[in-house]
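Visitor:
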Amino acid sequence: MNVNNKITLMIYGLGALAGVLSGLTGANTAIGLFVGLAIYFISPKIITTVIKELPDDLNEDKLILRRGFWGFLLFWFYFWVLTYNIMGHFEPNFYAPERALLYKFLYNTTG
C-alpha cells in the first residue's frame with residue numbers, strides 16, 4: 002500500500018476514534034471537544050510511530066496536521082453525532098399537526 006494511503010487511513014481512523022470517544026461523553030460537549038482536539042494534536046506522533054517510511058514533505062508534525070485537518074474533522078464530527086444519537090438515549094419530539102397554523106386554517110371548525 003502507498004505511504005500516502007496509509008497516512009490518510011490513519012487520519013480517518015483516528016478521526017473516527019475521536020468521534021466515538023467524544024460521542025460517549027454525552028451531553029458534556031466541552032469534554033467531547035477536548036477529547037477530539039487532544040487526539041488531533043497527538044495524531045502526528047501516532048502516525049510517525051506507526052508509519053516508519055514517511056515522505057520528505059511530511060517530516061514535521063505541523064505538515065501532517067495541516068494535511069489531515071479536513072479528513073479528521075469530517076470523520077470526527079460524523080462519528081461524534083452518530084455515537085451521541087445512538088448512545089445518548091435520543092428521544093424525538095413528534096410533530097403535533099393540530100397546533101400548526103395550516104391545520105387551523107384548513108380544518109377550522111368554529112366558523
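Residue numbering for the sequence shown follows our numbering, starting at 2 and increasing by one per position. Heads up, the beta-carbon is just placed ideally off N, CA and C, and yes, glycines get one too.
Please report the straight-line C-alpha distance between residue 94 and residue 72, rounded to a whole angstrom.
Guide: As a working mapping, residue 94 is identified with position 93 in the sequence shown. As a working mapping, residue 72 is identified with position 71 in the sequence shown. Their backbone Cα atoms lie some 32 Å apart in a straight line.
Visitor: In terms of residue numbering, what span does the alpha helix (DSSP H) encompassing residue 70 cover?
Guide: In the sequence shown, residue 70 corresponds to position 69, counting from 1. Run containing residue 70: 70-88, per the alpha helix (DSSP H) assignment.
Visitor: Determine contact between the stretch 33-53 and the stretch 96-111, defined as no fewer than three beta-carbon pairs at a distance below 8 Å.
Guide: Taking 8 Å as the limit for Cβ pairs, the verdict is that the stretch 96-111 does not touch the stretch 33-53.
Visitor: Rounded to the nearest angstrom, how far is the Cβ of residue 80 from that of residue 31, given a contact under 8 Å?
Guide: Working through the sequence shown from its first residue, we reach residue 80 at position 79. Working through the sequence shown from its first residue, we reach residue 31 at position 30. Actually they do not touch by this definition, with Cβ atoms about 18 Å apart.
Visitor: Quick one, are the C-beta atoms of residue 24 and residue 85 less than 7 Å apart?
Guide: Here residue 24 is taken as the residue at index 23 of the sequence shown, counted from 1. Here residue 85 is taken as the residue at index 84 of the sequence shown, counted from 1. Yes.
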